[in-house]
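Its first residue numbered 66, the sequence shown is counted upward by one per residue in the numbering used here. Think of the CB as a built atom: it goes at the ideal place given N, C-alpha and C, for glycine as much as any other residue. Just below is one structure, and these are the notes that go with it.
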Amino acid sequence: MTASNELRLKRLPSTLPMLLKAAITRKKPSSAPRFPSYTLDVDKVVCANSQLQRYRKACGFNTDNTILPVSFLHVQAFRLHMKMMLDKQFPVSPMGCVHLSNSITQLRPINAKTPVRLTCRVAGHQITDKGIEFSFHCSAFVDNEKVWEDTSRYLSRCKTDVAAAPKAARSSPRVYSHNRSIAIGRQDARSYARASGDFNPIHLHDISAKLLGFKRMVIHGMWSKAACLAALSSEINSVSYSCDVDFKTPIFLPTSVQLHYDSLADGVDFELRDKSGDKPHLIGRIRTIGN
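Printed below as a string of structure tokens:
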């Protein structure tokens, strides 16, 4: 550790060994969890072109672009999430955590060949009626200039003493001006797993998903967000913007979904819904910066 409480890494940790370790890591939840207070820091991260092209194809981004897709650095930052969750100080088990929300801010475009410095820290936590919620905040820097930020909120399910809040009455689905259908197959999940390095068994096969309590395999939540960003790229009228999403329900494969959206003066509101158009899988908003 440095005086600033940073743990500096020479390189990004490899995902597969961490996933194997995560599969056998079990921790007993605490009623008063204490999360690590240090920051992980890794310099000179350069995106491999082969991985970047797989990611672009898997999510639907333009494969000829020299600029990183706004969501791409999340798959690099996820490796720092895993590194920290496997620390003995981390109070919850990494496997089984539910991704509740993600917020990404691109302060300026990043050239795919530009080395970046990535940092990751725990941004906070709270005890809810469903378990322990916690957030990771990651940043990317080019020559000490912050160019990108990412915050992911997770839930580790466990029994708590917090009383459940009364359920709010379900409102009618919002009516959007535009919608389009997106077909999603099992191979889309496997392609994203290969591109992102996230080989969680629930995303790979129906059998492994059923062993972990799902009726069928599901697509990654961050694939859903990236696919929406790729589909809405022509609606985003700025190179600097934020995109926030709340993940609502899993997408079981194969299926088709509906992307509903409204283009606004300062961004886009959107939802990814089931094929009937009634149930949201994610709800998101894009807002431009500096316009």
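First and last residue of the uninterrupted beta strand (DSSP E) at residue 349: 345-353
Any 3 or more C-beta pairs closer than 8 Å across the segment 168-175 and the segment 312-321: no
Could you tell me if residue 184 is buried or exposed, where buried requires 16 or more neighbouring beta carbons within 10 angstroms of its beta carbon? buried
Between the segment 184-193 and the segment 320-337, can you find at least three pairs of beta-carbon atoms closer than 8 Å? no
Expressed to the nearest angstrom, what Euclidean distance is found between the alpha-carbon atoms of residue 313 and residue 266? 20 Å
Assess contact between the segment 247-258 and the segment 225-234, defined as three or more Cβ pairs (one per stretch) separated by less than 8 Å. Is contact present? no
C-alpha gap between residue 67 and residue 307, whole angstroms: The predicted position of residue 67 is uncertain, since its pLDDT is 48 and thus under 50; a value taken from the coordinates is nonetheless stated next. Their backbone Cα atoms lie some 31 Å apart in a straight line.
Nearest-angstrom Cα separation, counted from residue 105 out to residue 310: 25 Å
Take residue 260 and list the residues in its own chain whose beta-carbon comes closer than 6 Å to its own, dropping the five residues that flank it on each side. 119, 120 and 123
Skipping 5 residues on each side, what residues in its chain have a beta carbon closer than 7 Å to that of residue 355? 305
Among 340, 217, 96 and 212, whose alpha-carbon lies nearest the alpha-carbon of residue 189? 217
Which residue from 197, 84 and 99 puts its Cα closest to that of residue 154? 99
With DSSP as the reference, label residue 220 as helix, strand or coil. strand
Can you tell me the Cα-Cα spacing of residue 345 and residue 289, whole angstroms? 12 Å
My assumption, with CB atoms under 8 Å, is that residue 269 sits in contact with residue 258. Please give the rounded CB distance. 6 Å
Between the C-alpha atoms of residue 207 and residue 110, what's the straight-line distance to the nearest angstrom? 10 Å
Close-in-space but distant-in-sequence residues of the same chain around residue 92 (CB under 7 Å, 5 per side omitted): 156, 157 and 158
Judging by CA-CA distance, which residue of 142, 162 and 262 is the nearest neighbour of residue 197? 162
Buried or exposed: residue 194, going by 16 or more other Cβ atoms within 10 Å of its Cβ? exposed
Among 89, 101, 138 and 97, which residue has its Cα nearest to the Cα of residue 113? 138
Using a Cβ-Cβ cutoff of less than 7 Å, which residues in the same chain neighbour residue 179 once the five nearest sequence positions on both sides are dropped? 207
Span of the alpha helix (DSSP H) holding residue 121? 114-124
Hey, residue 335 and residue 84: beta-carbon distance below 8 Å or not? no
According to DSSP, is residue 277 part of a helix, a strand, or is it coil? coil
Cα-Cα separation between residue 341 and residue 323, rounded to whole angstroms: 8 Å
Quick check on the burial criterion: 16 or more other C-beta atoms within 10 angstroms. Buried or exposed for residue 76? exposed
Quick check on the DSSP output: what are the complete alpha helix (DSSP H) runs of length 4 or more inside the segment 270-315, in order along the chain? 271-276 and 286-296
Could you check whether residue 353 and residue 299 sit closer than 8 Å to each other, using their CB atoms as the reference points? no
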